[in-house]
Structure formats: C-alpha cells, structure tokens
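Numbering of the sequence shown is given in my numbering, commencing with residue 1 and proceeding in unit increments.
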Amino acid sequence: MSATVNSTATQTEVFGFIPQGVFYTVLAAVVIIIVGYVVGRLVEILIKKISYTTGLDAFFRKTSVGRALLRSGYTAGDFLGLFVKWVIYIAAIFYALLELSYASPNLAFLYDTSKSVLSYLPYLVSGVIILIIGLIMVDWISDYFKRSYPANDQYAQTLLNFVGDAFRFILYYMVITIALSVMKVNVTILYIFAQGLAWAVAIGLGGVAIGLVLAVPLREPLRRFLEREWGQSGSRGGERRGGDGGG
C-alpha cells in the first residue's frame, strides 16, 4: 500500500515538488508564447517582402492613408507586418493564459478574460481590415473622379475638386462607421451626427446645384459686365487725373 502511494506521488510530481499537471500546463503556455513570437516575426518579414515585391508600397504612396503612414515613418509593408505580428502576439499571449487557467482553481478568472479577448480579436481584425481597404478605395475613387475631366478647364476642375473632396469626406465617414460597427463599438452618436450631416450635405449640394444652374448661363454676361464697368471706372479715373493735372 505504501509503495503504491509513493509511486502515485512520484508520477504526479516533477522535480519532487511540482505537480505534473501544473508543470505540463505551464510548459504548454511557454511553448505557445515562443511559437507565437517566432510565427509573428516570420509573418512580419514575409509581409514586408510581399509588399515590396508586389508594388503595394508604391500603390500606398498614391493614397492619403499611405502618405500619412510615410510621414509617420512606416511603409505599407511595415504597417501591415507590424499589425499582423501584434495580432499573433496577443493571440499567443491569451492562448497561453487560457492554458494557465487550467493549472489551478485560483487562476480560473483567466479563463473568462482570455476567452473574451480571443472571441473579440476576429472582430477587431475584421474592422481594421475594412477600415484600411475602405479608406484606400475611397482615396482611389475620389482621385479618379477628380481626374475624369480635362485639366485645361479650370472652372470645371475646381468644381470637381470640391465635389471630390466632399465625396471623400462622406465615404470616409461611412467606412469608419461600418468598421467601428464590425468592431462592436457603439456608434449611436455617429448615426445621430450622420443625420445632421445628411441634412447639411443636402442643403450644400442644393446650393451648389442652384449655383451651377445660374453660373453657367450668367458667367459670360457677368464677365462682360465686369469688364465694361472696370473699363469705365478706369477711364473716369484717368479723366479725373488728367483734369487735376491741367488745373
């Protein structure tokens, strides 16, 4: 009987004082963290190389988001690699904590915390991906819209720049709202603000439309009127100066 007890104690303890279950649980957690670190670093290097060889960095430089990243000292590959690396790091850390929660009843609180973070992580990643891709697409559409008219017509180009920037702002707002919704962030205040923005945009576009309707037929008569008035005022000023000199 005594030999059986000693054999059981030997089987359930490592180094004579660490319970076998605790030891292997901690070992598994350490392995998860090490593997997560190695995988994160390798994926970061791979993303940087793919971004450079496929021309993604050059494409990013043509967008507002890419130029903002460059001003911050990051290329597209740097940013994407850093983001994916830290997602893998965070996942590895909380998977390790989840594993540690089985080591002792005193660590049971780690289970709920780790589960919550790991279940939220896909929403966070999806929201960030939607945000990045959406902002890039908005920049591309807006710039394409601005370049869709010959640059020699200054009036039309100025109008297209204004409409393109307004269009960009509205789409930015939509993309950010959708991304935050995917991240499970409460966007009620943004919806309220969007209603006011919609009214403001409607009024503004109505004013622009009325201005366009009036500006096109009145542009030439108004130009001739201003040239005539300017010429008359200039000639009257010359006559007064001539009269003063003669006196």
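Built from N, CA and C at the ideal position, the CB exists for glycine as well.
Distance CB(residue i)-CB(residue j) smaller than 8 Å
| i | j | result |
| --- | --- | --- |
| L124 | V175 | no |
| G36 | Y89 | yes |
| I130 | G81 | no |
| V22 | A91 | no |
Cβ shell of residue i (< 7 Å), same chain only, five flanking positions each side left out
| i | result |
| --- | --- |
| Y52 | G77 |
| M183 | Y123, L124 and G127 |
| A96 | A29, I32 and I33 |
| L70 | R61 |
| F94 | S114, V117 and L118 |
| F59 | none |
Cβ shell of residue i (< 8 Å), same chain only, five flanking positions each side left out
| i | result |
| --- | --- |
| Y172 | L135 and V138 |
| S142 | G164, D165, F167, R168 and L171 |
| L100 | T25, V26, A29, L107 and L110 |
| R41 | K85 |
| F83 | V128 |
| I178 | I130 and G134 |
| N186 | none |
| K49 | G77 |
Neighbour flag for residue i against chain D, beta carbons, 8 Å
| i | result |
| --- | --- |
| T63 | Absent from the structure is chain D; it holds one protein chain and no more. |
Cut-off 6 Å between Cβ atoms - residues of its own chain near residue i, not counting five sequence neighbours on either side
| i | result |
| --- | --- |
| L98 | S114 |
| E44 | G81 and K85 |
| R61 | none |
| F79 | L69 |
| T75 | D57 |
For this session: Report yes or no: do three or more beta-carbon pairs, one from the stretch 118-133 and one from the stretch 66-74, lie closer than 8 Å?
Result: Taking 8 Å as the limit for Cβ pairs, the verdict is that the stretch 66-74 does not touch the stretch 118-133.
For this session: Report the residue ranges of all alpha helix (DSSP H) runs contained in full by the stretch 42-89; include only those spanning at least 4 residues, in chain order.
Result: Fully enclosed alpha helix (DSSP H) runs of 4 or longer: 56-60 and 64-71.
Exercise. At what residue ranges does the stretch 95-155 contain a whole run of the alpha helix (DSSP H), taking only runs of 4 or more?
Worked result: Secondary structure within the stretch 95-155: the alpha helix (DSSP H) runs of 4 or more consecutive residues, fully enclosed, are 109-146 (chain order).
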